[in-house]
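Here is the structure we will look at, set down as structure tokens.
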Amino acid sequence: MAVAKEIWNLVEAKKEDFFVLSDKVWATPELSYNEFRSVTQHVAMLEQEGFRIVRNVAGIPTAVMGEAGEGGPIIAFLGEYDALPGLSQAAGLAEFSPVEKDGHGHGCGHNLLGAAALLAATAVKDYLAANGLKGRVRYYGCPAEEGGAGKAFMARAGAFDDVDAAITWHPAFFNMVWDSGSLATLGIDFSFTGRTAHAAATPHLGRSALDAVELMNVGVNYMREHMSSHARIHYAIIDAGGIAPNVVQSHATVRYSIRAAQQTELVELAERVRKVAKGAALMTETEVSEDVHAAVASLLRNRPLEEALHANLTKLGPTGFDKRDRAIAAPYQASCSAKAIAASYELWQLAPREHTVLCDEVWPLRDVTEPVMGSTDVGDVSRTVPTVQLLAATHVIGPPSHTWQWTAQSNSDPARKGLAYAAKVMAATGADVLTDDRLRTAVKDEFQRQSALDPFTCLMPPELGPRLPQQAD
Numbered sequence: 001m002a003v004a005k006e007i008w009n010l011v012e013a014k015k016e017d018f019f020v021l022s023d024k025v026w027a028t029p030e031l032s033y034n035e036f037r038s039v040t041q042h043v044a045m046l047e048q049e050g051f052r053i054v055r056n057v058a059g060i061p062t063a064v065m066g067e068a069g070e071g072g073p074i075i076a077f078l079g080e081y082d083a084l085p086g087l088s089q090a091a092g093l094a095e096f097s098p099v100e101k102d103g104h105g106h107g108c109g110h111n112l113l114g115a116a117a118l119l120a121a122t123a124v125k126d127y128l129a130a131n132g133l134k135g136r137v138r139y140y141g142c143p144a145e146e147g148g149a150g151k152a153f154m155a156r157a158g159a160f161d162d163v164d165a166a167i168t169w170h171p172a173f174f175n176m177v178w179d180s181g182s183l184a185t186l187g188i189d190f191s192f193t194g195r196t197a198h199a200a201a202t203p204h205l206g207r208s209a210l211d212a213v214e215l216m217n218v219g220v221n222y223m224r225e226h227m228s229s230h231a232r233i234h235y236a237i238i239d240a241g242g243i244a245p246n247v248v249q250s251h252a253t254v255r256y257s258i259r260a261a262q263q264t265e266l267v268e269l270a271e272r273v274r275k276v277a278k279g280a281a282l283m284t285e286t287e288v289s290e291d292v293h294a295a296v297a298s299l300l301r302n303r304p305l306e307e308a309l310h311a312n313l314t315k316l317g318p319t320g321f322d323k324r325d326r327a328i329a330a331p332y333q334a335s336c337s338a339k340a341i342a343a344s345y346e347l348w349q350l351a352p353r354e355h356t357v358l359c360d361e362v363w364p365l366r367d368v369t370e371p372v373m374g375s376t377d378v379g380d381v382s383r384t385v386p387t388v389q390l391l392a393a394t395h396v397i398g399p400p401s402h403t404w405q406w407t408a409q410s411n412s413d414p415a416r417k418g419l420a421y422a423a424k425v426m427a428a429t430g431a432d433v434l435t436d437d438r439l440r441t442a443v444k445d446e447f448q449r450q451s452a453l454d455p456f457t458c459l460m461p462p463e464l465g466p467r468l469p470q471q472a473d
């Protein structure tokens, strides 16, 4: 307990600086691989705190690593700071009020995520220095979690290879260890090429690429009855071939996201989707090509790390939300249906609590076999080094993430309390890993055991790189 209290005090001493960091990132939300202003704020904080900085990690301009300490084991804290499209929202308003029409917003709380991870790394850095301990702490600023698979590219490039353990978190409804798996996912663009023609005068000369896309979507829909209940397939038409209905579309592209709990099932499912695409091309006498644009692995859990994280959750106790925090949060829950509130619990396979606005309890550590029905590029890190994730209550129970309601709360007082809370739990766990030889051995042994049971192969083609935009002047 003495170590944990020292770590918690270090977090308390600097948390206001990191509240400011989260506010700055919240005010400049940027999308995948375009987080130039956000990463600049994180680099400035790393410099202020005396970290040794490596920019352009894995060749990505918005990825950064800061390291402190000497010798010994290495603990990594993973942060994010990317946003989502269409979720611009004025802070603190419980009604839809975008700051910018069709603008971006932190609908998943990643402004908090990066700030708390860097605060945790800073506290561990200060703890090592104050006690003259060997060991290195790293903060990884990881871009493009929202659909860009940033950590997957970083892991493939070897950015985490020498790390003993990685710790991260996510803003959430509840305080708990992320004690279930996730879905592996593969993103593929299918592009069809046909032949244009006048749709009225010479329709027989045309071959519609848009028809091929529509037929492909119908074919994939018929697959849904014949796949695992844990699998998911989503699509979006990203090129409809034009806006003129009297012109036969010579080109069209549909983007598919294919998900499954196990990599073997994902590979099999993707092959079936590919066959449907070829069938659609055959039926329409068009040509089809594919472009894999992203892939992320399912999470590989590590029970000793989960137990260490949960122990620190239990030591720290609840977040400490007060009446004012609940008053801030209540209007957002009032806009939700009972079904939406129940879904917040169902997502994490928890029994609902009645009349709860903000979670102020620590949920038990479980042995959950069902995966969370979502994907994260943390999965690729977990397949490279032992990894654990925390969920910390920052938002009202009810409104789903990826909504304007989440953006509105992402720099509120309850969210700030959750930020500091997450940093304390992660930092204490990081210190445990660095100073406890038996824990590190147990973590390593479990990682090797799980890796042997569920081998991993990166599904991204070797030639595939992150889709980097041009930096604006």
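For the sequence shown, position 351 matches number 351 in the UniProt record's numbering, and the numbering has no gaps at all.
Here a beta-carbon is modelled for each residue, glycine too, at the ideal position from N, C-alpha and C.
Owing to the predicted nature of the structure, the values given are computational and were not obtained by experimental measurement.
What first and last residue would you give for the alpha helix (DSSP H) that runs through residue i?
i: residue 223; result: 209 to 223
i: residue 451; result: 437 to 453
i: residue 292; result: Unbroken run through residue 292 is the beta strand (DSSP E), 287 to 296; no alpha helix (DSSP H).
i: residue 40; result: 36 to 48
i: residue 333; result: 323 to 334
i: residue 201; result: Unbroken run through residue 201: none, as it is neither H nor E.
i: residue 310; result: 303 to 316
i: residue 266; result: 263 to 284
i: residue 153; result: 150 to 156
i: residue 372; result: Counting along the chain, residue 372 falls outside any alpha helix (DSSP H), and DSSP gives it neither H nor E.
i: residue 110; result: 110 to 131
i: residue 164; result: Neither: residue 164 is in no alpha helix (DSSP H) and is coded neither H nor E.
On the DSSP bridge list, what partners appear for residue i?
i: residue 66; result: 53 and 139
i: residue 362; result: 175
i: residue 8; result: According to DSSP, residue 8 bridges with nothing at all.
i: residue 251; result: 193
i: residue 457; result: For residue 457, which the question treats as bridged, DSSP gives no partner whatsoever.
i: residue 257; result: 187 and 234
i: residue 169; result: 390
i: residue 105; result: 84
Have a look at the options and flag the residue whose alpha-carbon is nearest the alpha-carbon of residue i.
i: residue 168; options: 161, 200, 214 and 113; result: 113
i: residue 280; options: 414, 332 and 194; result: 194
i: residue 325; options: 311, 241 and 357; result: 357
i: residue 275; options: 215, 124 and 210; result: 215
i: residue 445; options: 411, 187 and 386; result: 386
i: residue 188; options: 259, 227, 129 and 51; result: 259
i: residue 197; options: 182, 250, 226 and 176; result: 250
i: residue 51; options: 308, 111, 82 and 129; result: 129
i: residue 426; options: 287, 293, 82 and 75; result: 75
i: residue 121; options: 65, 292, 328 and 267; result: 65
Taking the beta carbon of residue i as the centre, do at least 16 other beta carbons fall within 10 Å, making it buried, or is it exposed?
i: residue 384; result: buried
i: residue 127; result: buried
i: residue 355; result: exposed
i: residue 397; result: buried
i: residue 414; result: buried
i: residue 149; result: buried
i: residue 101; result: exposed
i: residue 190; result: buried
i: residue 377; result: buried
i: residue 236; result: exposed
i: residue 222; result: exposed
i: residue 218; result: exposed
i: residue 467; result: exposed
i: residue 389; result: buried
i: residue 405; result: buried
i: residue 263; result: buried
i: residue 244; result: exposed
i: residue 367; result: exposed
i: residue 286; result: buried
i: residue 403; result: buried
How far does the beta strand (DSSP E) with residue i in it extend, from its first residue to its last?
i: residue 232; result: 232 to 239
i: residue 390; result: 387 to 393
i: residue 77; result: 74 to 79
Using a threshold of 6 Å, is the CB atom of residue i nearer than that to any non-hydrogen atom of the ligand COA?
i: residue 164; result: With respect to the ligand COA, the structure offers nothing, as it holds no ligand at all.
Quick one: is residue i near chain D, going by C-beta distance under 7 Å?
i: residue 305; result: The chain inventory of the structure shown lacks chain D, comprising one protein chain alone.
For the segment 409 to 421 against the segment 374 to 394, do three or more pairs of beta-carbon atoms, one drawn from each stretch, fall closer than 8 Å, so that the two count as touching? Cβ pair count under 8 Å is three or more, so yes.
Whether or not the segment 27 to 42 and the segment 120 to 135 are in contact is what I'm after, with contact meaning three or more pairs of Cβ atoms, one per stretch, closer than 8 Å; do they touch? No, the segment 120 to 135 is not in contact with the segment 27 to 42.
Could you tell me whether the segment 363 to 375 touches the segment 200 to 210, using the rule of 3 or more Cβ pairs below 8 Å? When C-beta atoms of the segment 363 to 375 are compared with those of the segment 200 to 210, fewer than three pairs fall below 8 Å, so the two segments do not count as touching.
Does the segment 88 to 101 touch the segment 116 to 126, meaning 3 or more C-beta pairs lie closer than 8 Å? Verdict: no, contact absent.
Closer than 8 Å is the cut-off here; do at least three beta carbon pairs connect the segment 166 to 181 with the segment 333 to 340? No, the segment 166 to 181 is not in contact with the segment 333 to 340.
Evaluate contact between the segment 16 to 32 and the segment 74 to 91, counting only Cβ atoms and requiring at least three cross-stretch pairs below 8 Å. Three or more beta-carbon pairs drawn from the segment 16 to 32 and the segment 74 to 91 are found closer than 8 Å, and the two stretches are therefore classed as touching.
Is the number of C-beta pairs between the segment 401 to 414 and the segment 426 to 444 that are closer than 8 Å three or more? Contact fails: fewer than three Cβ-Cβ distances are below 8 Å.
Check whether the segment 312 to 330 touches the segment 1 to 8, counting contact only when three or more Cβ pairs, one atom from each stretch, lie closer than 8 Å. Yes: the two stretches touch, three or more of their Cβ pairs being nearer than 8 Å.
Are the segment 58 to 77 and the segment 445 to 458 touching by the rule of at least three beta carbon pairs closer than 8 Å? Cβ pair count under 8 Å is below three, so no.
contact_flag[the segment 172 to 187, the segment 288 to 299] where n(CB pairs < 8 Å) is 3 or more: A contact exists between the segment 172 to 187 and the segment 288 to 299.
Segment contact flag, the segment 149 to 161 with the segment 224 to 234, C-beta cutoff 8 Å, min 3 pairs: The answer is no - the segment 224 to 234 does not touch the segment 149 to 161, with fewer than three Cβ pairs under 8 Å.
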